[in-house]
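Scroll down for the structure; my scribbles are underneath it.
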Amino acid sequence: MKLRHALRGTAAGLLLAVCLTTPTLALTGVVDVGGSVLRVRKTASTGSAVLDQLPSGKQVEIVDTATNGWYGIQLDSVKGYVSASYIKLLEEAAPVVTAEVSAVSASAAQSESTYVKVTADALNVRTGPGTDYAVADELAQGKVVKVLGTQDGWYQIGSGYIDAAYTEAATYEEALEQLYIRVVQGPLNIRSGPGTGYSKVGSLAKGRCVKVVSVQSGWYQIEQGYVSAAYVEETDYTPAAASSKGQELANIALQYVGYSYVYGGASPRVGFDCSGLVQYACAQLGYSINRTASAQLQNGVTVSWDELAPGDLVFFKKPGSTTSKPVTHVGMYIGSGQFVHASDYGVGVIVSNLSDAYYTTGYVSARRIAV
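Following the numbering used here, the numbering of the sequence shown begins with 4 at its first residue and continues without gaps.
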């Protein structure tokens with residue numbers, strides 16, 4: 004637990020550290036692995052079995068320092084080993100025999116904050132620590148980001164550097180409200196609980212960004228379930244705002260949920276196939292796009308999965324398909340990880356989750372028509 008967390012909730016902003024009268028040796032550390040996780044092993048060897056995974060910021064009790072390059076730590080009733088290179092020691096206190104109380108001001112704890120909030124209307128993210136460096140991105144007022152390092156009045160964050168003068172300290176709770184993770188190795192299984200013993204409920208493709216609901220030891224809870232922290236990284240990602248036209252397109256397509264699937268269909272009177280549905284919706288706002296899914300892949304502009312917004316077309320190729328066509332299916336993104344599409348005979352126009360394993364595996368690209 005970081006020092007600032009211990010301070011939270013105290014009216015005077017003081018941390019009261021009471022040293023017991025019984026002689027003890029306190030050795031505490033914090034996991035420091037950036038956006039990754041630290042594996043806890045059964046013995047002090049990289050070839051040993053993994054007992055658990057710890058995220059950055061996790062406080063651990065060190066019970067053994069005798070093994071070169073490794074710390075023995077206590078996990079509930081189990082002892083494990085972690086690489087000492089990724090543990091930052093917080094304190095190494097000598098035994099004491101008299102009770103005493105020490106106080107640390109809240110401002111001092113705040114200076115150790117890992118998170119900051121943007122106070123400017125908009126803050127440039129630059130490629131280096133100075134205004135001479137190129138602008139790589141922009142953060143809106145109120146955006147909370149994780150600080151990876153400091154240099155000459157600048158904070159290093161995941162996407163570059165920001166001027167510290169236009170930020171203020173933020174709490175972990177504020178950061179969690181805006182926290183997104185990006186899949187770095189996929190497809191990544193989504194499970195019903197925080198562990199590999201829980202059932203698989205879906206999957207996420209590499210590069211997919213999703214919002215975090217909570218963090219547990221080695222696992223992130225997201226809206227659909229839980230994902231292992233070993234295969235994701237925290238990101239400064241901000242969801243794309245839907246344009247009014249894009250949202251209108253999505254709303255039009257949603258009107259036809261429940262309509263029949265008809266091969267070659269492109270109107271409510273006849274029914275729809277996949278490309279017919281999105282072509283019809285686009286036409287209602289004056290956008291003329293190609294008729295087939297493969298041809299529609301040439302319309303609009305390419306957007307990444309991270310940039311998906313309502314109204315964007317999402318393209319798929321059936322897993323295992325041997326066709327030479329670049330895609331075999333298309334739908335329209337409606338937000339919140341979902342899309343509307345004319346699925347198949349007997350199913351018709353429905354709303355599906357992009358996180359479903361079938362669509363994650365078959366996902367090809369996305370195009371924005373309302374630009």
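Cβ atoms here follow ideal geometry from the backbone N, Cα and C, with glycine treated the same way.
Legend entry - Simplified DSSP state of Gln301, which is helix, strand or coil: For the purposes of this step, residue 301 is identified with residue 298 of the sequence shown, where counting begins at 1. Looking at Gln301 - three-state DSSP - the assignment turns out to be coil, as it is neither helix nor strand.
Legend entry - C-alpha gap between Val273 and Ile353, whole angstroms: To locate residue 273, count along the sequence shown from 1; it is residue 270. To locate residue 353, count along the sequence shown from 1; it is residue 350. Rounded to whole angstroms, Val273 to Ile353 spans 17 Å at the Cα level.
Inset, instruction - May I have the straight-line CA-CA distance separating Thr364 from Ile65, to the nearest angstrom? - result: By 1-based counting over the sequence shown, the position of residue 364 is 361. By 1-based counting over the sequence shown, the position of residue 65 is 62. The straight-line gap from Cα to Cα measures roughly 42 Å.
Inset, instruction - Since I believe Ala296 is in contact with His2 (beta carbons under 8 Å), could you give me their beta-carbon distance rounded to a whole number of angstroms? - result: In the structure as shown, the chain begins at 4 and stops at 374. Residue 2 is therefore absent and cannot be evaluated.
Legend entry - Assigned secondary structure, Thr325 (DSSP; H/G/I helix, E/B strand, else coil): For the purposes of this step, residue 325 is identified with residue 322 of the sequence shown, where counting begins at 1. Three-state DSSP puts Thr325 in coil, outside helix and strand.
Legend entry - Backbone CA spacing between Gln144 and Pro242 [nearest angstrom]: Residue 144 sits at position 141 when you count from the first residue of the sequence shown. Residue 242 sits at position 239 when you count from the first residue of the sequence shown. Near 15 Å, if we compare the C-alpha coordinates of Pro242 and Gln144.
Legend entry - Inter-residue Cα distance where the pair is Ser110 and Pro322: By one-based count along the sequence shown, residue 110 stands at place 107. By one-based count along the sequence shown, residue 322 stands at place 319. Any reading at Ser110 is ruled out, since the residue's pLDDT is 29, under 50, leaving its predicted position unreliable.
Legend entry - DSSP bridge partner residues for Gln62 (one or two, in chain order): Residue 62 sits at position 59 when you count from the first residue of the sequence shown. BP columns for Gln62 point to Val33.
Legend entry - Range covered by the beta strand (DSSP E) that runs through Leu126: If you number the sequence shown from 1, residue 126 lands on position 123. 125–129 is the extent of the beta strand (DSSP E) around Leu126.
Legend entry - Euclidean distance between Cα positions of Arg211 and Val306: Here residue 211 refers to the residue found at position 208 when the sequence shown is read from its first residue. Here residue 306 refers to the residue found at position 303 when the sequence shown is read from its first residue. When rounded, the distance between both Cα atoms is 13 Å.
Inset, instruction - With a cut-off of 8 Å on the beta carbons, I'd call Gly268 and Gly261 a contact; round off their distance for me. - result: Along the sequence shown, read from residue 1 onward, the residue named residue 268 stands at position 265. Along the sequence shown, read from residue 1 onward, the residue named residue 261 stands at position 258. With 8 Å as the limit, Gly268 and Gly261 do not qualify as a contact, their Cβ atoms being about 14 Å apart.
Inset, instruction - Locate the beta strand (DSSP E) running through Ser206, then write down its first and last residues. - result: Here the question's residue 206 lines up with position 203 in the sequence shown. Per DSSP, Ser206 belongs to the beta strand (DSSP E) from 203–207.
Legend entry - Where Lys91 falls: helix, strand or coil (DSSP): Translated into positions along the sequence shown, residue 91 becomes position 88. Looking at Lys91 - three-state DSSP - the assignment turns out to be strand.
Legend entry - Coarse secondary structure for Ser278, derived from DSSP in three states: In the sequence shown, residue 278 corresponds to position 275, counting from 1. Three-state DSSP puts Ser278 in a helix.
Legend entry - Boundaries of the beta strand (DSSP E) in which Ala52 is found, first to last residue: Walking along the sequence shown from the start, residue 52 turns up at place 49. No beta strand (DSSP E) holds Ala52; DSSP gives it neither H nor E.
Inset, instruction - Mark Ser380 as exposed unless 16 or more other C-beta atoms lie within 10 angstroms of its C-beta, in which case mark it buried. - result: Outside the displayed range of the chain (4 to 374) lies residue 380, so it cannot be described from this structure.
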